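Take any residue in the sequence shown, note its place counting from 1, add 3, and you have its number in this note's numbering.
Just so you know, even glycine gets a beta-carbon here, dropped at the ideal spot from N, CA and C.
Note that this is a predicted model, so its numbers are computed, not measured.
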Amino acid sequence: MFVSRGKKEGKGLTAEESALFREAVKRVQPIRSAPPAHLAPSRKPRLRQNQPITPDPAIVEEDGELFRRTTISARYLNQLKKGLIRYQSSIDLHGLTVAQANRLLRSFIKNSSGIEERCVLVITGKGLHSDEGYSALRHAALSELRSLVHVQAYCWAQPKDGGSGAFYVLIRKPEH
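Here it is in structure tokens:
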């Protein structure tokens, strides 16, 4: 997804790689130790998946395919919509489950923020091959983007970059 390593995603190991791995781990024995210590629960409880998300007062605009926080001006968002702000990297979520896509998307956005990428392209597809043309992956990805603190805005990409099957995403500059 991020960078091609010479194999298609999901293709598994070659027979030679599997044999080398089995040879390397054949004498490995489980570590016998005391049971794990019980950790105190974190101070901040995690949200459950089915809990409703409360609206963020910092969101100025939210219209499914368009989102911006108060830190982004309408003028800057218009530049993004016109494709005038170039993206530095992209991720293609086609063919993934919603859970896989959300995990990968969170990691991608966090990594992009860490290396100070300001704009990225997220490709979800249009959902044309799904039942009734509805893309659960697309809906989940947009919901995930809205929930990420690094995401400042997103909008449909220009046709040359994927059109309504892709989104430009503005990422907050990391605080130093």
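Exercise. Determine the DSSP secondary structure at A43, reduced to helix, strand or coil.
Key: A43 falls in the coil class under three-state DSSP.
May I ask which residues mark the beginning and end of the alpha helix (DSSP H) holding I174? Premise fails: I174 lies in the beta strand (DSSP E), 169-174, not in any alpha helix (DSSP H).
Report, in whole angstroms, the separation of the C-beta atoms of Q91 and E120, which I expect to be a contact under 8 angstroms.
About 4 angstroms; that satisfies the 8 angstroms criterion.
Exposed unless 16 or more other CB atoms sit within 10 angstroms - verdict on F24:
exposed
Cα separation between S115 and L173? Straight through space, the alpha carbons of L173 and S115 are spaced by roughly 10 angstroms.
- Task: List the endpoints of the continuous alpha helix (DSSP H) containing I94.
- Result: Where I94 is concerned, there is no enclosing alpha helix (DSSP H), although the beta strand (DSSP E) it sits in stretches over 92-95.
Can you tell me which of the three DSSP states R109 falls into?
-> helix
Own chain, CB closer than 7 angstroms to S138, minus 5 neighbours either side, in chain order:
T127, G128, K129, G130
**Message:** On the CB-based measure, 16 or more other CB atoms within 10 Å of its CB, does G165 come out buried or exposed?
**Reply:** buried
Q. Among L99, S146, L83, R72, which residue has its Cα nearest to the Cα of V123?
A. Checked all of L99, S146, L83, R72; the closest Cα to V123 is L83.
Residue-chain proximity (Q155, chain C), Cβ-Cβ < 8 angstroms: The chain labelled as chain C is not found in the depicted structure, where only one protein chain is given.
- Taking 7 angstroms as the cut-off, does the CB of H41 come closer than this to any heavy atom belonging to the ligand MG? In the structure shown, the ligand MG is absent, as is every other ligand, since no ligand is present at all.
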